[in-house]
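Novice: My structure is below; once you've seen it, I'll send some questions.
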Amino acid sequence: MEISSSIVTDYYSVSLLLLFTALLVPFLVLGKRNKTYHLPPGPSGWPILGNLVQISNQTLQVYFQKLHQQYGSIYTVRLGYQPLIMVASHELAHEALIEKSSIFASRPPAQGLSKLFSSNQTNINTAAYGPLWRTLRRNLVSETLNPAALNSFRKGRERTVNLLIDALRTEAGQNEGAVKVMDHLRRAVFNILVFMCFGIRLEEEAVTAVQNVTRELILSGGGLPLDAIYPKLRVFYRKRWKRMQGIRQRQVETFLPLINERRAALAEGRAEDCRAYVDSLLSLTIDGGRKLNDGELVTLCFEFINAGTDTTSTTLQWALANLVIHQEIQAKLYGEILDVAGKERRRVGEEDVQKMGYLEAVVKETLRRHPPGKLVLTHAVTEECRLGGFDVPAGAWVNFSVWDMGNDPKVWENPLQFLPERFLNAEVDMTGSKEIKMMPFGVGRRICPALGLAMLHLQLILGRLVQTFAWESKGGEPVDVAEKPEFTMVMKNPLQAVLKERD
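When you line the sequence shown up against UniProt numbering, it's residues 1 to 503, in that order.
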């Protein structure tokens, strides 16, 4: 998460105001705790501001890596008065998220923009641990992610992957084999999820409109969440607040017609032969029996599409980049494809990818080496407890360093090397129930409910792309693997590759 210049400007103006008026505005003081806690160690901070000054001068990942080296695998950062406990240990993550899962399963209360875009925490990612969260998650898993429902979208997935390959072939034919792959990947995954969400194939103009408002929100959401840390100072963020309200309005105006179209299709009996995610939302009841309102429907549909689009497309781009760099790995993967699908070039299907151990290993190694997020979504502690010999107060925020766990030399031999073979001879439980070695989808009660769907998409699309094309670097130039944080950790310079049709 990089701090944009506008956010930095807002931050320093507010910081100065806070420093000069701290004694005159008692509502800023959240109150001192009567009890003294033995928190994990951490850097000293400024009065009222905590460690926000240090954080604002660098990316969160760089800052947290420095603190990890200095303080060890558990440390405390202060966002204003709010303690954020960071965990970079496999054992401590397992203790918190598995052994004490119910205590660490909630989310911080929504404030400001988070409250606006989550419809006051009426979505799966941000809902507090409790009845609403259980209802929303259970609905997604039982109605949309069950085997029968997933199978009903199979033709849509196959059609979209075929269109992706056609688009790549067309661009390669126009540019001496060269393609910029990321936009194609993002569009393909987006189309699959839009179809699953609304049960319809949108016209190109509608797809572009939904994708544009989704990207606009993603790229506008960076920076420190000052409105959440200091909610009573929203007056000083008026310009950003107004801009984000405009994005929310465009989001509603774009998504609501699609929801209403599906509502009408269901009422008139002309819905396609699949049960879309929005179908289940339209019949769902929460809060003692009430239906979801339009804003909540928009929020949940956006969450469904957004949560899977950039994470999956980013992982695919990293996988392809590593296959371009490591031609021997690509050759080994193609050999497995030939063994399973046959030299008659039968298209790799969903049953095939379930049998392909090396393909799965390539995907897992990509997720280990390049997790879409360096951190998970922040957890909130519901009752006082102990972790790693330290106190964790009720209401504290806790986060977990996904990158550190996937690149720990004590767990992974040569962790910076891209080596899928490490997954062939050792079983790594992605759910973390027995032990946590990597957690790109989170673990415990807040694990991503669509882990299985994400793995299916990753393996199916990557398998088809490698079956159809040989992937090489453009002009023999080395692939730049520098990173840049957006909604996910993307390639700073998107992959450009040369595609050659397989014989």
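Where is the CB? At the ideal position from N, CA and C, for every residue including glycine. Bear in mind the structure is a predicted one, so any value in this text is a computation, not a measurement.
Whole alpha helix (DSSP H) runs in the segment 202 to 269 with 4 or more residues, listed along the chain?
Specialist: Within the segment 202 to 269, the complete alpha helix (DSSP H) runs of at least 4 residues are 204 to 220, 226 to 229, 238 to 267.
Novice: Using 8 Å for Cβ pairs, my map puts residue 518 next to residue 73. What's the rounded Cβ distance?
Specialist: The requested residue 518 is not part of the displayed model; the chain covers only 1 to 503.
Novice: Is the number of C-beta pairs between the segment 73 to 85 and the segment 387 to 398 that are closer than 8 Å three or more?
Specialist: The segment 73 to 85, when compared against the segment 387 to 398, does touch it at the 8 Å Cβ threshold.
Novice: Mapping the DSSP letters down to three states, classify residue 476 as helix, strand or coil.
Specialist: Residue 476 falls in the helix class under three-state DSSP.
Novice: Compute the distance between the beta-carbons of residue 378 and residue 40, then report whether it is under 7 Å.
Specialist: For residue 378 and residue 40, no; Cβs fall outside 7 Å.
Novice: Below 7 Å between beta carbons: does that hold for residue 168 and residue 179?
Specialist: Against a cut-off of 7 Å, the Cβ pair of residue 179 and residue 168 comes out as a contact.
Novice: Going by DSSP, which residues form a beta bridge with residue 38?
Specialist: Paired residues: none, contrary to the question.
Novice: With residue 218 and residue 486 assumed to form a contact (beta carbons below 8 Å), what rounded beta-carbon distance in angstroms separates them?
Specialist: That belief holds up - the Cβ atoms of residue 218 and residue 486 are roughly 7 Å apart, short of 8 Å.
Novice: Considering only C-alpha positions, which residue in the set 101, 337, 436, 206 is nearest to residue 256?
Specialist: With distances taken between Cα atoms, residue 256 lies closest to 206.
Novice: Looking at C-alpha atoms only, which residue of 324, 308, 194, 117 is the closest neighbour of residue 481?
Specialist: Of 324, 308, 194, 117, the residue nearest in Cα terms is 324.
Novice: Identify, in the order they occur along the chain, each residue of the same chain with its Cβ nearer than 8 Å to the Cβ of residue 326, setting aside the five sequence neighbours on each side.
Specialist: Contacts found: 418.
Novice: In angstroms, rounded to a whole number, what distance separates the CA positions of residue 405 and residue 483?
Specialist: About 18 Å.
Novice: Look up residue 501 in the DSSP assignment and give the residues it is bridged to.
Specialist: Note: residue 501 sits in a beta bridge opposite 469.
Novice: Please name the residue, chosen from 117, 490, 215, that lies closest to residue 295 on a Cα-to-Cα basis.
Specialist: It is 117.
Novice: Buried or exposed for residue 239, going by 16 or more other Cβ atoms inside 10 Å?
Specialist: Burial call: exposed.
Novice: Let's see if you can read the secondary structure: which residues bound the beta strand (DSSP E) around residue 483?
Specialist: Its beta strand (DSSP E) spans residues 483 to 485.
Novice: Pull up the distance between the alpha-carbon of residue 504 and that of residue 365, whole angstroms please.
Specialist: Any answer about residue 504 is impossible in this case: the structure gives the chain only from 1 up to 503.
Novice: Does the distance from the CB of residue 262 to the CB of residue 198 come in under 7 Å?
Specialist: Yes.
Novice: Within 10 angstroms of its Cβ, does residue 94 collect 16 or more other Cβ (buried), or is it exposed?
Specialist: Buried.
Novice: If we ignore side chains and look at the alpha-carbon of each, how far apart do residue 101 and residue 204 end up?
Specialist: If I take the Cα positions, the gap works out to 44 Å.
Novice: In three-state DSSP terms, what is residue 50?
Specialist: In this structure, residue 50 counts as strand in the three-state DSSP scheme.
Novice: Apart from the five residues just before and just after residue 317, which ones in its own chain have a Cβ nearer than 8 Å to its Cβ?
Specialist: Only 181, 182, 185, 490, 491, 494, 495 meet the Cβ criterion.
Novice: Return the Cβ separation of residue 360 and residue 459 in integer angstroms, given the expectation that the two are a contact with Cβ distance under 8 Å.
Specialist: Their Cβ separation, rounded to whole angstroms, is 6 Å, which keeps residue 360 and residue 459 in contact under 8 Å.
Novice: Does DSSP put residue 320 in a helix, a strand or coil?
Specialist: Residue 320 falls in the helix class under three-state DSSP.
Novice: What would DSSP say about residue 496, mapped onto helix, strand or coil?
Specialist: Correct three-state label for residue 496: strand.
Novice: Based on the DSSP output, what are the partners of residue 85 in its beta bridges?
Specialist: BP columns for residue 85 point to 76, 398.
Novice: Give the DSSP-derived three-state secondary structure of residue 32 in the structure shown.
Specialist: Residue placement at residue 32 is flagged as unreliable, the pLDDT there being 45, under the threshold of 50; the coordinate-derived value follows with that caveat. If DSSP states are grouped into helix, strand and coil, residue 32 belongs with coil.
Novice: To the nearest angstrom, report how far apart residue 505 and residue 330 are at their CA atoms.
Specialist: The shown model of the chain, from 1 to 503, leaves out residue 505, and the question about it has no answer.
Novice: Let me know the secondary structure DSSP gives residue 195 once reduced to three states.
Specialist: Residue 195 falls in the helix class under three-state DSSP.
Novice: What do you get for residue 142, buried or exposed, if any count of 16 or more other CB atoms within 10 angstroms of its CB means buried?
Specialist: Burial call: exposed.
Novice: Would you mind working out which of 176, 253, 254, 429 sits nearest residue 517, comparing C-alpha positions?
Specialist: As displayed, the chain neither begins before 1 nor continues past 503, which places residue 517 out of reach and without an answer.
Novice: At what residues does the beta strand (DSSP E) containing residue 180 begin and finish?
Specialist: Counting along the chain, the beta strand (DSSP E) containing residue 180 begins and ends at 178 to 180.
Novice: Out of 438, 231, 292, 196, which has the shortest C-alpha to C-alpha gap to residue 305?
Specialist: The candidate whose alpha carbon is nearest that of residue 305 is 196.
Novice: I need the boundaries of the alpha helix (DSSP H) containing residue 424, first residue and last residue.
Specialist: Neither: residue 424 is in no alpha helix (DSSP H) and is coded neither H nor E.
Novice: If we count Cβ pairs, one from each stretch, closer than 8 Å, do we get three or more for the segment 462 to 479 versus the segment 444 to 451?
Specialist: Contact between the segment 462 to 479 and the segment 444 to 451 is absent, because fewer than three Cβ pairs lie under 8 Å.
Novice: If you drop the 5 nearest sequence neighbours on each side, which residues of the same chain put their C-beta closer than 6 Å to that of residue 467?
Specialist: Closer than 6 Å at Cβ, skipping near neighbours: 337, 348.
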